[in-house]
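Working notes, beginning with the structure itself.
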């Protein structure tokens, strides 16, 4: 049996381990208002050679206030920089249908990243070990693209090799997984089952966006593939890979 175990990490920029709960003021099918402020004027970024000033008129009780069970950021200035980011976690993914004397198997999982940060987010992937897919007595080599650092437009594994890799799809995929119809990391097309790459223990950018995307968030799908060449005999065993996805605000 070939099992691909998923470990998902979400990085929270604010109150990541505080146990606080974020609320919102109002919502409809088209919007969510996370905070409001009562004021009647102000100026953004007044500057001279000696000072920089941003002011708000008409607020009361502005600033930070906290207690054992709560934390309050009162007023427009205090609350303006309070951004959050979340990431969903899919179930474990199984790669079925492989035999010890050859074959190919795919499995995929989807992650939704949601942030109210106006600068958007970055989504990275990494593996817990090299090679990523291992059993107690054997392993699959990490996929080897033809050009170092550039995903292969088409998946290709030699007859005497066994390899494990991935590709990415979604509206926010990184430039490396886009193509011009024949080459990856070039152009703007996002094509299913194209642009295959290897996992490593280093974080690798797979998706990003330069704008807030709450409350709906953006889905990125990672498709994993394992193949045993026709001339390769793979040791029988239970193979698994620990994969981490990290979402960060920009």
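Residue numbers (this note's numbering): 256 to 505.
Virtual Cβ for every residue (Gly too), placed ideally from N, Cα, C.
Item	Value
Distance CB(residue 251)-CB(residue 385) smaller than 7 Å	What is shown of the chain runs 256 to 505, which leaves residue 251 out entirely.
Contact set for residue 277: own chain, Cβ-Cβ below 7 Å, skip 5 residues either direction	For residue 277, the predicted model reports a pLDDT of 46, less than 50, meaning its position is unreliable; a value from the coordinates is still stated below. Cβ neighbours of residue 277 beyond the five flanking positions: 339.
Residue 428 Cβ short of 6 Å to the ligand PLP heavy atom set	Among the components modelled here there is no ligand, and therefore nothing to report on the ligand PLP.
Distance, residue 350 Cα to residue 502 Cα	25 Å
Given residue 451 as reference, the closest of 403, 490, 374 and 392 once Cα atoms are compared	403
CB of residue 476 within 7 Å of CB of residue 365, strictly	yes
Backbone CA spacing between residue 396 and residue 412 [nearest angstrom]	10 Å
Segment contact, 8 Å Cβ cut-off, at least three pairs: the stretch 378-393 with the stretch 441-449	no
C-alpha gap between residue 471 and residue 505, whole angstroms	18 Å
Classification of residue 391 by the beta-carbon crowding that lies within 10 angstroms, buried from 16 upward	exposed
Inter-residue CB distance, residue 420 and residue 462 (contact presumed, cutoff 8 Å)	No, residue 420 and residue 462 are not in contact; Cβ-Cβ is about 17 Å, not under 8 Å.
Inter-residue CB distance, residue 394 and residue 483 (contact presumed, cutoff 8 Å)	Rounded, the Cβ-Cβ distance is 12 Å, inconsistent with contact.
Other residues of its chain near residue 441: CB distance less than 8 Å, five sequence neighbours each side excluded	433, 434 and 435
Status (buried if at least 16 other CB within 10 Å, exposed otherwise) for residue 495	buried
Residue interval of the beta strand (DSSP E) (run including residue 419)	417-424
Beta-carbon proximity check, residue 352 vs residue 363, cutoff 7 Å	no
Residue 459 versus 428, 357, 341 and 358, residue with shortest Cα-Cα distance	428
Inter-residue spacing [alpha-carbon to alpha-carbon] between residue 371 and residue 474	15 Å
Alpha-carbon to alpha-carbon, residue 355 and residue 398	18 Å
7 Å CB neighbourhood of residue 491 in its chain, flanking five on each side removed	355
C-beta contact flag for residue 368 and residue 377 at 7 Å	no
Close Cβ partners of residue 453 (< 6 Å) along its chain, the five nearest in sequence each way excluded	397, 398 and 420
For residue 345 and residue 485, the rounded distance between their alpha carbons	32 Å
DSSP state of residue 431 mapped onto helix, strand, coil	helix
Bounding residues of the beta strand (DSSP E) (the contiguous stretch that carries residue 348)	348-350
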